[in-house]
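Student: Handing you this structure, nothing more for now.
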Amino acid sequence: MNRQIVTLNAGSSSIKFAVFDEDVRPPTLIASGLAQSVGGARHILVRDRAAVALHEEQWVPSEASAFHADALRRVLAWRTGAFPDARVAVVGHRVVHGGAHFDRPVVVNDDVLAELAALEPLAPLHQSHNIAGIFAARAAWPDVPQVACFDTAFHRGHPFVHDVFALPRSFYRDGVRCYGFHGLSYEYVMGRLRAIAPREAAGRVVVAHLGNGASMCAILNGASVACTMGFSSLDGLPMGTRCGRLDPGVILYLLLEKKLGVAELSEMLWTESGLKGLSGISNDMRELEASDQPQAREAIDYFVSRVRYELGGLAAALDGLDAIVFCGGVGENSWSIRDRVLEGMDWIGIKVDRTANRAGAERISSAGSGVRVFVIRTDEEAIIAQRAVELLALQVFLTAR
Ligand code: ADP
Numbered sequence: 102m103n104r105q106i107v108t109l110n111a112g113s114s115s116i117k118f119a120v121f122d123e124d125v126r127p128p129t130l131i132a133s134g135l136a137q138s139v140g141g142a143r144h145i146l147v148r149d150r151a152a153v154a155l156h157e158e159q160w161v162p163s164e165a166s167a168f169h170a171d172a173l174r175r176v177l178a179w180r181t182g183a184f185p186d187a188r189v190a191v192v193g194h195r196v197v198h199g200g201a202h203f204d205r206p207v208v209v210n211d212d213v214l215a216e217l218a219a220l221e222p223l224a225p226l227h228q229s230h231n232i233a234g235i236f237a238a239r240a241a242w243p244d245v246p247q248v249a250c251f252d253t254a255f256h257r258g259h260p261f262v263h264d265v266f267a268l269p270r271s272f273y274r275d276g277v278r279c280y281g282f283h284g285l286s287y288e289y290v291m292g293r294l295r296a297i298a299p300r301e302a303a304g305r306v307v308v309a310h311l312g313n314g315a316s317m318c319a320i321l322n323g324a325s326v327a328c329t330m331g332f333s334s335l336d337g338l339p340m341g342t343r344c345g346r347l348d349p350g351v352i353l354y355l356l357l358e359k360k361l362g363v364a365e366l367s368e369m370l371w372t373e374s375g376l377k378g379l380s381g382i383s384n385d386m387r388e389l390e391a392s393d394q395p396q397a398r399e400a401i402d403y404f405v406s407r408v409r410y411e412l413g414g415l416a417a418a419l420d421g422l423d424a425i426v427f428c429g430g431v432g433e434n435s436w437s438i439r440d441r442v443l444e445g446m447d448w449i450g451i452k453v454d455r456t457a458n459r460a461g462a463e464r465i466s467s468a469g470s471g472v473r474v475f476v477i478r479t480d481e482e483a484i485i486a487q488r489a490v491e492l493l494a495l496q497v498f499l500t501a502r
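This is how it looks when you write it as structure tokens:
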């Protein structure tokens, strides 16, 4: 009987999942899918590794059915039906927040679950869904190890100056820190960079994860030094619907003078700001690039200028730069955004090969460029599967000793 790894990435209204073959190294993708709750309906679509649709279902939920439990039950039923002869060896979960404590993946037990639940206030929009995913998988496979892989773990080694806000010190001790996020994506991308450009990967690298959620990370010899996302994943770059960097005085003004309620303010910062708020058109970069409206153009201009600004800051944090990597939906697919971010950056040593950039090549810097620039397709599910199976092997080894 062959063995599989299942990965779960549970968001507020969607669950990304994937099934990998555990018998090969690194684990290879068999199928991946998305369960979503859109309007009144729920929907699951599963594709094979060539993106060919394998399974699709849609249903209208009964009043009482919670999305996560409901969708997971169907996802698991699909997997059992599709692979009746395969056994699940381990389930890997994306967990947004590992707090100050978790600096690597961990096998989930009741103590870990209690620690993860205690971190819910730090990531109120995500953590509870991640935990719900773990509970659902535990209920489905009580004897299968569940591994939590954290978005924050990659950043736990930040030097103090990039881990702290200039607030009274007691807040830092209470966990008000620059945690950084997108760590699983950064880890995956750095693994690929080590394979294609080992010298640069061992040097000073800025990775720009530009998707609907967007952040940038300064990495020195494979270790995160600073990240544009800080205490929450609202900080740093403007995103599809999140504001990014904001003067805290604006928050005070909106609360005190404009009398916005806390819930209203939170909703605005998370879901009505960023590209969507600035353009008034869409959170989707493709739509904005296709639009001839001046507000769409201004929203893109703002996004590009913030990426360039952060690139300068992160390069300073690294004392220079050997490589830049673009990833995420925008970073991987929009040659024009990459082009605009890198334009006129000769002063920092960047020379772009415009043809390679337009063609979406893996390396887009020209031969004489002091800083090498790459486009790498990120794969958070792959890194979760890999880390889960490594931890499983370590456990087996330690138990056998
Ligand atoms: P998430 O953070 O939700 O995982 P993605 O990494 O999938 O998001 O990125 C989604 C973003 O990528 C959207 O804004 C989408 O418009 C953008 N995108 C995808 N393909 C292209 C493209 N060809 N050109 C410009 N933007 C693109």
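102 is the number of the first residue of the sequence shown in the numbering used here; add one for each residue after it.
Using N, Cα and C, we set each Cβ at its ideal position, and we do this for glycine too.
(1) With C-beta atoms as the reference, is residue 480 less than 8 Å away from residue 289?
(2) At a cut of 8 Å, does the region 141-149 reach the region 211-230 through at least three beta carbon pairs?
(3) Provide the residue span of the beta strand (DSSP E) that contains residue 160, from first to last.
(4) Measuring only the C-alpha atoms, how far is residue 238 from residue 411?
(5) Can you have a look at residue 179 and say buried or exposed, based on whether 16 or more other CB atoms are within 10 angstroms of its CB?
(6) Identify every residue that forms a DSSP beta bridge with residue 146.
(7) Any heavy atom of the ligand ADP closer than 7 Å to the beta-carbon of residue 390?
(8) Taking 7 Å as the cut-off, is the beta-carbon of residue 435 closer than that to any non-hydrogen atom of the ligand ADP?
(9) Assuming residue 109 and residue 192 make a contact with CB atoms under 8 Å, what is their CB distance in whole Å?
(10) Could you check whether the Cβ of residue 428 sits closer than 8 Å to any Cβ belonging to chain B?
(11) Buried or exposed: which applies to residue 501, given that a residue is buried once 16 or more other Cβ atoms fall within 10 Å of its Cβ?
(12) Secondary structure at residue 361, three-state DSSP: helix, strand or coil?
(13) For residue 431, report the span of its alpha helix (DSSP H) as first-last.
(14) Could I get the ranges of all uninterrupted alpha helix (DSSP H) runs contained in the region 262-326, with 4 residues as the minimum, in chain order?
(15) Whole angstroms are fine: how far does the CA of residue 252 sit from the CA of residue 281?
(16) Hey, would you say the C-beta of residue 161 is under 7 Å away from at least one heavy atom of the ligand ADP?
(17) Name the residue from 158, 310 and 174 whose alpha carbon lies nearest to the alpha carbon of residue 478.
(18) Alpha carbon to alpha carbon, what distance is there between residue 368 and residue 391?
(19) Answer yes or no: do residue 375 and residue 407 have a C-beta to C-beta separation smaller than 8 Å?
(20) For residue 329, does the count of other Cβ atoms within 10 angstroms reach 16, so buried, or fall short, so exposed?
(21) Any chance you could list the alpha helix (DSSP H) runs of at least 4 consecutive residues sitting entirely within the region 341-393, in chain order?
(22) How long is the line joining the alpha carbons of residue 462 and residue 175, rounded to whole angstroms?
(23) In its own chain, which residues sit with a C-beta less than 7 Å from the C-beta of residue 158, not counting the 5 before and 5 after it?
(24) Return the chain-ordered list of same chain residues with a C-beta closer than 7 Å to the C-beta of residue 257, the five sequence neighbours on each side being excluded.
(25) Express the C-alpha separation of residue 484 and residue 120 in angstroms, rounding to a whole number.
(26) Where does the unbroken beta strand (DSSP E) through residue 194 begin, and where does it stop?
(27) Taking 7 Å as the line, does the beta carbon of residue 314 fall inside it for any heavy atom of the ligand ADP?
Tutor: A quick look at the data gives this:
(1) Numbered from its first residue, the sequence shown carries residue 480 at position 379. Numbered from its first residue, the sequence shown carries residue 289 at position 188. For residue 480 and residue 289, yes; Cβs fall inside 8 Å.
(2) no
(3) Locating residue 160 in the sequence shown gives position 59, counting from the first residue. Element bounds for residue 160: 154-160.
(4) Here residue 238 refers to the residue found at position 137 of the sequence shown. Here residue 411 refers to the residue found at position 310 of the sequence shown. Taking the straight line joining both Cα atoms gives about 39 Å.
(5) Taking the sequence shown and counting its residues from 1, one reaches residue 179 at position 78. Under this definition residue 179 is a buried residue.
(6) As a position in the sequence shown, residue 146 is number 45, starting the count at 1. Residue 146 is bridged to 135 and 157.
(7) Walking along the sequence shown from the start, residue 390 turns up at place 289. At a threshold of 7 Å, residue 390 counts as near the ligand ADP, since its beta carbon sits closer than that to one of the ligand's heavy atoms.
(8) The sequence position of residue 435 within the sequence shown is 334, counting from 1. For the ligand ADP, at least one heavy atom lies less than 7 Å from the Cβ of residue 435.
(9) For the purposes of this step, residue 109 is taken as the residue at position 8 of the sequence shown. For the purposes of this step, residue 192 is taken as the residue at position 91 of the sequence shown. About 6 Å separates the two Cβ atoms, so the contact holds.
(10) In summary, chain B is missing from the structure at hand, where a single protein chain is found.
(11) As a first step, residue 501 must be located in the sequence shown, where it is residue number 400. Classification of residue 501: exposed, given that the 10 Å Cβ count is below 16.
(12) Against the sequence shown, residue 361 aligns to sequence position 260. Residue 361 falls in the coil class under three-state DSSP.
(13) Numbered from 1 along the sequence shown, position 330 holds the residue referred to as residue 431. 429-434 is the extent of the alpha helix (DSSP H) around residue 431.
(14) 270-274, 284-297 and 299-302
(15) By one-based count along the sequence shown, residue 281 stands at place 180. By one-based count along the sequence shown, residue 252 stands at place 151. When rounded, the distance between both Cα atoms is 8 Å.
(16) As a position in the sequence shown, residue 161 is number 60, starting the count at 1. Outside the cutoff, so no.
(17) Here the question's residue 478 lines up with position 377 in the sequence shown. If we check each option's Cα against that of residue 478, 310 comes out closest.
(18) Locating residue 391 in the sequence shown gives position 290, counting from the first residue. Locating residue 368 in the sequence shown gives position 267, counting from the first residue. Looking at the two C-alpha atoms, the distance is approximately 27 Å.
(19) As a first step, residue 375 is located in the sequence shown; it is residue number 274 there, counting from the start. As a first step, residue 407 is located in the sequence shown; it is residue number 306 there, counting from the start. Going by C-beta atoms, residue 375 is not nearer than 8 Å to residue 407.
(20) What you label residue 329 is simply residue 228 of the sequence shown in a count that begins at 1. Buried, by the Cβ-count rule.
(21) 349-357, 363-372, 375-380 and 386-391
(22) The residue labelled residue 462 in the question sits at position 361 within the sequence shown. The residue labelled residue 175 in the question sits at position 74 within the sequence shown. The alpha-carbon atoms of residue 462 and residue 175 are separated by roughly 38 Å.
(23) As a first step, residue 158 is located in the sequence shown; it is residue number 57 there, counting from the start. 145 and 175.
(24) The sequence position of residue 257 within the sequence shown is 156, counting from 1. Take residue 257, set aside five residues on each side of it, and the residues of its chain with a beta-carbon closer than 7 Å to its own are 204, in chain order.
(25) Position 19 of the sequence shown, counted from the start, is the residue given in the question as residue 120. Position 383 of the sequence shown, counted from the start, is the residue given in the question as residue 484. Approximately 13 Å between the Cα atoms of the pair.
(26) Mapped onto the sequence shown, residue 194 falls at position 93. Note, residue 194: beta strand (DSSP E), 188-196.
(27) To locate residue 314, count along the sequence shown from 1; it is residue 213. Yes, the ligand ADP has a heavy atom inside 7 Å of this Cβ.
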